[in-house]
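Here is the structure we will look at, set down as C-alpha cells.
Protein chains in written order, with my numbering: chain S, 1 to 587; chain B, 1 to 314.
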C-alpha cells in the first residue's frame with residue numbers, strides 16, 4: 001500500500017525581528033490511507049506548524065524546505081493553483097478554537113457548502129442538501145435552521161461540529177485535526193472524538209490528530225509520533241508508545257498525567273470550619289431587546305458547603321455551571337443575590353467594605369490566564385509586593401523586598417528576576433508569580449480558579465506539586481476549581497460537582513471517583529480520555545447527547561429528574577447516600 | 001431596526017438643542033456685532049437696524065425669539081447677504097457642496113479601498129511601500145497646495161493624452177457640468193483616498209492574520225474569493241466608523257476649494273459668517289452641520305450592524 005502523505009526532512013523557519021526561529025527540524029512522517037496518526041507535543045513543539053507548512057499555510061514570515069509528497073506527488077513549493085486543488089478537496093483541516101476559525105459574518109451553511117461548490121462544482125440546492133445531511137451526520141439537530149445561523153449563535157461544541165462538517169463534505173482522503181477538542185468541555189470532547197472515530201471507521205478517512213493530550217491520542221491513534229522543540233523524538237505504534245516508551249521525554253509526558261492512585265496530602269488538623277457557605281445565590285439580569293422583559297440567569301442557584309483548615313475542596317463542572325461565579329461571590333468580588341457567607345464565625349454581610357478589605361489578607365485567589373492576570377507594565381516583583389503594601393502599609397521597603405525575594409524562591413522563581421516583566425516569562429513561571437502574589441500575605445484560604453488549565457501537562461504537574469507543598473507547609477485551605485476532573489482528583493479531599501449552578505454530587509474524593517452516583521457525574525467521568533489505548537478501545541462511553549441546556553430554561557434543572565418536569569421551579573434536593581456523600585435527586 | 005433608528009433620531013433632538021444653545025450664546029459672547037464696520041453708523045440708524053432685527057432686546061429674549069422661529073423652520077434673514085434668508089443661502093449652496101463631497105467620497109472609497117487591499121496583500125513589498133508613501137504625501141500636502149498645482153497642470157498648460165490636448169475649466173460651477181467638477185473633486189478626494197487606503201491597509205493586514213482566513217485558505221479558495229467573501233466585510237468595519245464624521249465634514253464643503261475654484265457651495269459661509277458676526281448665518285450652518293453629523297453617525301451605526309451580525313441594534 002502506498003503512502004497517502006509522506007513528509008521527509010521538513011524544516012520550518014520563521015524570520016522574527018530578533019532573529020530566526022527554527023520551528024520544525026528535519027521532521028519526517030508517513031500517513032497511510034485510512035489510518036490515524038497521532039502527533040503529540042507541548043506548546044511550541046512545532047506540531048501544528050509541521051502540517052501548516054506541508055500544505056503551504058505558513059504565515060508570511062515562515063519558510064519551509066524538505067519534501068512533502070501527497071500520493072507520490074511532490075507538493076512542497078508547488079504552485080498555489082495546484083495546492084488549492086488539493087486543499088479543501090482531498091486534504092482538509094479542522095482547527096482549534098472554532099469560534100475564531102469560522103468567518104464571523106458568513107452563515108454556517110454558506111461556509112460549509114463553499115468548498116463543495118468550488119471543488120465539486122455542485123449546484124446551490126444540491127450543495128445545501130448535502131450540507132444538511134452532513135450536519136445530521138455530525139449530529140447537529142435542526143440542521144435546516146442551523147444552516148442559516150452565524151457562528152456566534154452556536155455553542156462551542158456545535159461550532160466544532162460545523163468545522164468537521166465543513167472538512168468532511170468534500171469526502172477527503174485525509175483530515176488534519178489540529179487540537180480539535182482543546183478548550184471544549186470533556187463531555188463535548190467525547191462527542192467530537194466519537195464523530196472523528198466514526199469518520200475513520202465508516203468513511204475510511206485518514207486522520208492526522210495533533211494534540212497535547214495523551215488521553216485524546218490514546219483513544220483514536222493507530223500510530224503516534226512525539227514531538228519536542230521541533231524534532232520528532234519518538235515514533236511507533238500506539239501500544240509501543242503508551243506501554244513501552246523509549247524516549248525519556250515520552251515517559252515524562254506519560255508520567256505527568258494525573259493517575260488514579262494519586263491522593264492528596266492528608267488533612268493535618270480539622271479544626272473549626274473556616275468558611276461556611278449557606279444557600280448562596282447569584283443571578284444576573286439578561287436583557288432581551290427593547291420591549292421584552294429582562295430574564296434572570298441564575299448562575300449560582302443555592303449552593304451550600306463548608307471548608308475546613310488544611311482541606312482542599314475540588315469544584316468541577318463544565319463551562320457555564322457557575323464555578324467561577326461561585327468563587328467570586330464567596331470572595332466578595334461579586335454581589336450575591338441571596339444566602340450567607342460566614343468566615344471564621346463572622347457573617348461577611350455584616351462587615352463594612354473596609355473590614356472586608358482587611359479580611360482579604362486571609363483569602364486570596366489565583367486566576368486562569370497567568371499572563372492576562374498580571375499587569376503587563378509592572379515588573380513581577382512589584383506585582384508580588386502590591387498586596388503586601390496594600391494590606392500591611394506599615395512595613396519598611398527593605399522588609400517588603402526581602403519578603404518578595406523569599407516568596408519568589410519559595411515558589412521556584414529566581415529572586416534575581418524581580419525586575420522582569422510578565423512577557424519575559426513562560427506561562428508556568430507567570431503562574432508561579434500569580435501564586436507568589438496570592439501567598440505573600442499569608443492567607444488562610446486560597447481559591448485557584450482554573451489555575452493550571454492553560455498550562456502544558458508537564459508544567460501543570462509542577463504547579464500542582466507546588467500548590468500541594470505550600471498547603472502542607474502552611475495548613476492552607478484550598479478551593480480548587482477546574483473543568484478537568486483528573487487534576488482536581490490530585491489535590492482534593494472532597495469534590496463538589498456543579499451542574500447549572502447547583503450541586504449534583506458532593507463526596508470525598510475517593511468515593512466520588514470510585515462510586516459516582518449521579519448520572520451527570522458518571523457521564524463526566526466516563527468522558528475523560530485515559531492515556532491507555534487498550535482501556536480507551538474497550539470503553540463503552542456514556543455519551544450525553546446534545547448540548548448543555550440553556551440555564552435560562554426553567555426546566556433545565558430537571559434534566560436528570562424528568563419525573564418532576566410537571567412541577568416547574570422544582571429544584572432537586574441533595575440526599576445523603578453514604579457518610580459525607582451527597583447526591584442530588586435523579587431518576 | 002426602524003425602532004432603533006427612530007429612537008436615535010428622537011435622542012438627537014436634545015443634542016441639537018444643546019448645540020443650538022451653545023452656538024447662540026458663544027456667538028453673542030464674541031466681541032463686536034453684525035453692523036460694526038470701519039465707518040460707524042449714525043446712532044439712530046444703528047438703533048433702527050437693531051430694532052428691526054430684534055437685536056436691541058435682552059439676550060434671553062432674543063434667544064427665545066430665535067428658538068420660536070427655529071421651531072417653525074425659519075432660520076431668519078442673513079445680516080450681511082442682504083435680501084437673502086439663511087434658508088435660501090443654504091438651499092442654494094448645500095446641493096453644490098454635497099454633490100462635490102459625495103463624488104469625492106465615492107471616488108476616495110473605491111480607489112482607497114482598492115489601494116489599501118493591494119498594499120495589505122503585498123505587505124512589506126514595493127507595492128505596499130509605494131502606496132503607503134503616496135498616501136502619506138496625500139495626507140501631508142494641504143489642499144491649498146494641490147488645488148493651484150492641478151489648476152496649473154490641467155487648466156493652464158493642458159495635458160496631451162492620446163494625441164488630444166486636454167484642458168479643464170479651472171473655475172466656476174457652470175450648473176454642475178462634469179468638466180467643471182473634475183478638478184475640485186480630485187482635490188477634495190486626494191487626502192480622503194490617502195486616509196481610506198491607510199485605514200484599509202491596516203485593518204486588512206489585521207484580518208488577513210485571523211484564524212478564519214487560515215481556514216479559508218485551507219479550503220483551497222483562490223485569493224480573490226478569500227478577500228471578497230471572507231476578509232473585506234470585517235476589514236471595512238473601522239472604515240465605517242471613520243466615514244460618519246468624515247462624510248459630514250466633506251459634504252458641508254470646504255472654504256479653500258470653493259474659493260480657489262470659485263464654487264457656490266456653503267463651505268465659505270462658516271468662515272464668512274463667523275468673521276462678519278452674521279449670527280443667523282452661523283447658526284444656520286452650525287445646525288446644518290450638526291444635523292448631518294448626527295444623521296451620518298446613525299447611518300454608520302446601522303451599516304455597522306448590517307456588516308457585523310454580532311452587533312444587535314436595540
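Backbone N, C-alpha and C fix where the C-beta goes; we use that ideal spot for every residue, glycine too. Bear in mind the structure is a predicted one, so any value in this text is a computation, not a measurement.
**Prompt:** At what residues does the beta strand (DSSP E) containing residue 379 (chain S) begin and finish?
**Reply:** Unbroken run through residue 379 (chain S): none, as it is neither H nor E.
**Prompt:** What is the DSSP secondary structure of residue 42 (chain B), reduced to helix, strand or coil?
**Reply:** coil
**Asked** How is the beta strand (DSSP E) around residue 223 (chain S) delimited, first residue to last?
**Response** 223-228
**Message:** Judging by CA-CA distance, which residue of B:164, B:253, B:204 and B:136 is the nearest neighbour of residue 190 (chain B)?
**Reply:** Taking each of B:164, B:253, B:204 and B:136 in turn and checking the Cα distance to residue 190 (chain B), the smallest one comes out for B:136.
**Prompt:** Should residue 10 (chain S) be labelled buried (16 or more other beta-carbon atoms within 10 Å of its own) or exposed?
**Reply:** buried
**Request:** Leaving out five residues on either side along the sequence, give the residues of the same chain with a beta carbon under 6 Å from the beta carbon of residue 49 (chain B).
**Result:** The answer, listed in chain order, is 35.
**Asked** Relative to the alpha-carbon of residue 130 (chain S), which residue among S:457, S:493 and S:168 has its alpha-carbon at the smallest distance?
**Response** S:168
**Message:** On the DSSP bridge list, what partners appear for residue 480 (chain S)?
**Reply:** S:314 and S:448
**Prompt:** Would a C-beta distance cut-off of 8 Å place residue 625 (chain S) and residue 115 (chain S) closer than the cut-off?
**Reply:** Limits of chain S in this structure are 1 at one end and 587 at the other, which puts residue 625 (chain S) out of reach.
**Asked** Looking at the unbroken beta strand (DSSP E) that takes in residue 279 (chain S), where does it start and where does it end?
**Response** 273-286
**Residue closest to residue 308 (chain S), alpha-carbon to alpha-carbon, out of S:445, S:409 and S:282** = S:445
**Prompt:** Taking 8 Å as the CB-CB limit, is residue 152 (chain B) close to chain S?
**Reply:** no
**Message:** Counting only Cβ pairs nearer than 9 Å, list the residues of chain A close to residue 236 (chain S).
**Reply:** Protein chains in the displayed structure are S and B, and chain A is not among them.
**contact_flag[the segment 361-370 of chain S, the segment 299-307 of chain S] where n(CB pairs < 8 Å) is 3 or more** = no
**Asked** Any idea what DSSP makes of residue 94 (chain S), helix, strand or coil?
**Response** strand
**Message:** Measuring alpha carbon to alpha carbon, tell me which residue in S:428, S:3 and S:443 is nearest residue 454 (chain S).
**Reply:** S:428
**Message:** Measuring straight from C-alpha to C-alpha, what distance separates residue 568 (chain S) and residue 498 (chain S)?
**Reply:** 20 Å
**Message:** Check whether the segment 89-106 of chain S and the segment 229-243 of chain B are in contact - that is, three or more C-beta pairs closer than 8 Å.
**Reply:** Yes: the two stretches touch, three or more of their Cβ pairs being nearer than 8 Å.
**Request:** Establish whether the CB of residue 506 (chain S) and some CB of chain B are separated by less than 8 Å.
**Result:** no
**Prompt:** Do residue 200 (chain S) and residue 207 (chain S) come within 8 Å of each other at the CB atom, strictly closer than that value?
**Reply:** yes
**Item:** Per-residue burial, residue 65 (chain B) [other beta carbons within 10 Å of its own, 16 or more giving buried]
**Value:** exposed
**Item:** Residue from S:385, S:138, S:151 and S:512 whose Cα sits closest to the Cα of residue 579 (chain S)
**Value:** S:512
**Message:** For residue 182 (chain S) and residue 42 (chain S), I'd like the C-alpha separation in whole angstroms.
**Reply:** Between residue 182 (chain S) and residue 42 (chain S), the alpha-carbon positions lie close to 13 Å from each other.
**Prompt:** With which residues is residue 36 (chain S) paired in a DSSP beta bridge?
**Reply:** S:207
**Request:** Could you check if residue 113 (chain S) is buried or exposed, using at least 16 other CB atoms within 10 Å of its CB as the buried criterion?
**Result:** buried
**Request:** Using a threshold of 8 Å, state whether the C-beta atoms of residue 643 (chain S) and residue 173 (chain S) are closer than that.
**Result:** With chain S covering 1 to 587 only, the question about residue 643 (chain S) has no answer from this structure.
**Asked** Nearest CA to the CA of residue 34 (chain S): which residue from S:2, S:55 and S:64?
**Response** S:2
**Asked** Is residue 489 (chain S) buried or exposed, if buried means 16 or more other CB atoms sit within 10 Å of its CB?
**Response** buried
**Prompt:** If we call anything under 8 Å between Cβ atoms a contact, is residue 104 (chain B) one with residue 196 (chain B)?
**Reply:** no
**Request:** Within the same chain, show all residues whose beta-carbon is closer than 8 Å to that of residue 59 (chain S), passing over the 5 residues directly before and after it, in chain order.
**Result:** 14
**Item:** Minimum Cβ-Cβ distance from residue 87 (chain S) to chain B less than 8 Å
**Value:** Judged by the 8 Å Cβ criterion, residue 87 (chain S) is in contact with chain B.
**Message:** Less than 7 Å between C-beta atoms, sequence neighbours within five positions excluded: which residues of the same chain meet that for residue 325 (chain S)?
**Reply:** 282, 299, 300 and 334
**Request:** Flag residue 122 (chain B) as yes if its beta-carbon sits less than 8 Å from any beta-carbon of chain S, otherwise no.
**Result:** no
**Asked** Nearest to residue 369 (chain B) by alpha carbon, out of B:306, B:40, B:54 and B:144?
**Response** For residue 369 (chain B) there is no data in the structure shown, the boundaries of chain B being 1 and 314.
**Request:** Check the DSSP bridge columns for residue 336 (chain B) and list the partner residues they point to.
**Result:** The displayed coordinates of chain B run from 1 to 314. Any statement about residue 336 (chain B) would go beyond what the structure contains.
**Prompt:** Going by DSSP, what residues sit across from residue 150 (chain S) in a beta bridge?
**Reply:** For residue 150 (chain S), which the question treats as bridged, DSSP gives no partner whatsoever.
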